[in-house]
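When you read off a place in the sequence shown, starting at 1, and then add 258, the result is the number in the working numbering. Just so it is clear, CB atoms sit at the ideal spot from N, CA and C, and this is done for glycine as well.
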Amino acid sequence: MPVPILHLGATVLCSHAGQATPLSPFPRVFLSGQPAVTIASPYAIAGCTLASVPSPPCVTGQWLVGAVRVMAGGVPVATMAGASTCIPTGAPMMPVVAQTRVLAT
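Printed below as a string of structure tokens:
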């Protein structure tokens, strides 16, 4: 089933409500005027609520699975239905809002 592709302006959170931001979106493909994100781009996570408990908070994130049929620069694009992980907790990242005009499978 087609799902929205993530871009620089998409809202992505760690499982503990920390804001995740892509560090290196793909600069040659734009969606809604902002660069698209591939699974190769690491995410920086700020504001993870695990910071208040003894376990370490989410610091970075990475998409593990993205689109199967849509690539940017030979790398699968990140989608709202893709699998991801936060480091060091191993919890998934959760895309909340993304552009809706371009879909991928």
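Among the options, which residue has its Cα nearest to the Cα of residue i?
i	options	result
residue 305	281, 342, 272, 328	272
residue 260	327, 343, 322	327
residue 408	343, 354, 351, 285	Within the shown structure, residues of the chain are numbered from 259 to 363, placing residue 408 beyond reach of any answer.
Can you tell me the Cβ-Cβ gap for residue i and residue j, rounded? I've got them flagged as a contact below 8 angstroms.
i	j	result
residue 294	residue 312	Their Cβ separation, rounded to whole angstroms, is 38 angstroms, which puts residue 294 and residue 312 out of contact at 8 angstroms.
residue 307	residue 276	7 angstroms
residue 264	residue 360	Actually they are not in contact, since the Cβ atoms of residue 264 and residue 360 sit about 10 angstroms apart, beyond 8 angstroms.
Starting from residue i, follow its DSSP beta bridges and name the residues at the other end.
i	result
residue 345	318
residue 357	Its beta-bridge partners do not exist; DSSP assigns none.
residue 304	277
residue 351	272
residue 330	333
The beta strand (DSSP E) that contains residue i, what's its start and end?
i	result
residue 285	284 to 289
residue 269	269 to 272
residue 294	292 to 294
Mind checking whether residue i and residue j have CB atoms under 7 angstroms apart?
i	j	result
residue 336	residue 324	yes
residue 270	residue 278	yes
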